[in-house]
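Take the sequence shown: its letters are residues 148 to 364, numbered as in my numbering.
Each residue gets a CB set at the ideal place from its N, CA and C atoms; glycine is no exception.
A quick write-up on the structure given underneath.
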Amino acid sequence: MHFKDVIAFLKALGSNNSKEWMDANRKWYHQVRDSHIAWLNSMNDKLAALDNGYYDTPGKKGINRINNNLMFHPNKPIYKDHFGAGFDKRPGTGDFYIEVGIERSMFAGGLWRPDAKRLKSIRDAIDYDGEALKKILQKKSFKNLFGELYKDERLKSSPKGFSNDHPHIDLLRNKTFAVAMEFSTERVLQPDFEDFLITAYKEMLPFRRYLNKALTV
C-alpha cells in the first residue's frame with residue numbers, strides 16, 4: 148500500500164524541513180509523488196463512474212504543490228506536512244479534497260472564502276431556496292460525517308441586501324461554505340479506506356452540487 152511510503156516520506160520531511168534535505172531526497176520525493184498520483188488516477192476513474200456530472204481530474208491536475216506559499220505565509224516551513232489533492236475539480240467551483248498528513252488526514256469540500264461575486268451567488272441561492280441547503284446540512288448521515296459548516300469568519304449583521312430577520316440569516320452570514328472531516332492517518336492504511344472515501348464523497352455530493360449550481364445558474 149503506497150500510503151505507508153507517503154507517511155514515511157512526510158515524517159522524514161517533517162524532521163528535516165529544508166531545501167537542502169529535499170534536494171538530497173528528490174528521487175524519493177518523486178517516487179512517492181508518482182505513486183500517489185497513480186492512486187489518484189485510479190480513484191478519479193472510480194468517482195467518475197458513480198457521478199454523471201463528475202469533472203475529470205487526473206492526479207497530476209488534482210494534486211497540490213508540496214511547497215508552502217511563503218509570499219503570503221512567510222512564517223510557515225518551506226514544505227507542507229501533507230499531500231493534498233482535489234477530485235471533481237471543475238474550475239471556479241468547490242471540489243472534493245483529500246489530505247494525507249503525518250498524524251492527521253481529512254476529507255473536505257465546498258468553498259473557502261469565495262470572492263465577492265461567488266459569495267453573492269451563493270447567498271442569492273440561499274435566499275431563493277435556503278430550505279434545500281438546510282435539509283442537506285441537517286441530514287443525519289451528513290452530520291455524522293461532517294458535523295456543521297466549517298467555522299470561519301462570519302458577518303455580525305446581515306449582508307447587504309438582506310434583512311436581519313431573514314429566515315436563513317444564520318446561513319447568509321457565513322463567508323465560508325465548506326465542510327470537513329478529520330481522521331487519524333492510521334485510517335488510510337485500513338483495507339476499506341477507498342470505500343470510506345467513496346462513502347464520504349457521495350454523502351458530500353448534494354452539498355457541493357447545491358453550491359456549484361449556485362455558481363453556474
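Using a threshold of 8 Å, state whether the C-beta atoms of residue i and residue j are closer than that.
i                 : j                 : result
phenylalanine 243 : methionine 351    : yes
methionine 328    : phenylalanine 293 : yes
phenylalanine 156 : tryptophan 175    : yes
glycine 239       : leucine 362       : yes
leucine 344       : isoleucine 249    : no
leucine 319       : serine 305        : yes
phenylalanine 230 : histidine 183     : yes
leucine 358       : isoleucine 269    : yes
lysine 166        : threonine 204     : no
isoleucine 273    : leucine 280       : yes
Using only CA atoms, which one of the options lies nearest to residue i?
i                 : options                           : result
tryptophan 186    : Thr240, Asn199 and His149         : His149
proline 224       : Asn215, Phe230, Pro261 and Ala232 : Asn215
asparagine 164    : Gly241, Ile213 and Phe354         : Ile213
arginine 251      : Lys166, Asp152 and Val335         : Val335
tyrosine 348      : Ala195, Ile184 and Tyr275         : Ala195
lysine 282        : Asp339, Asp152 and Phe354         : Phe354
aspartate 152     : Pro261, Asp181 and Ser288         : Asp181
lysine 158        : Val247, Ser288, Phe340 and Ser310 : Val247
phenylalanine 309 : Arg260, Asn359 and Tyr275         : Tyr275
leucine 302       : Ile316, Arg356, Lys287 and Asp312 : Ile316
Assign residue i to one of two classes, buried (16 or more other C-beta atoms within 10 Å of its C-beta) or exposed (fewer than that).
i              : result
asparagine 191 : buried
lysine 227     : buried
glycine 200    : exposed
isoleucine 333 : Before going on, a small fix: residue 333 reads as glutamate here, not isoleucine. Counting Cβ neighbours within 10 Å, glutamate 333 comes out exposed, since fewer than 16 surround it.
asparagine 321 : buried
leucine 160    : buried
proline 261    : buried
In terms of residue numbering, what span does the alpha helix (DSSP H) encompassing residue i cover?
i              : result
isoleucine 245 : From DSSP, isoleucine 245 is part of no alpha helix (DSSP H) but of the beta strand (DSSP E) over 243–248.
arginine 110   : This structure cannot speak to residue 110, because the chain is shown only from 148 to 364.
glycine 308    : That residue, glycine 308, is in no alpha helix (DSSP H); it is neither H nor E in DSSP.
Let's see if you can read the secondary structure: which residues bound the beta strand (DSSP E) around residue i?
i             : result
glutamate 329 : 324–331
glycine 257   : 251–258
Does the pairing of the region 291–305 with the region 317–336 give three or more beta-carbon distances under 8 Å? Taking 8 Å as the limit for Cβ pairs, the verdict is that the region 317–336 does touch the region 291–305.
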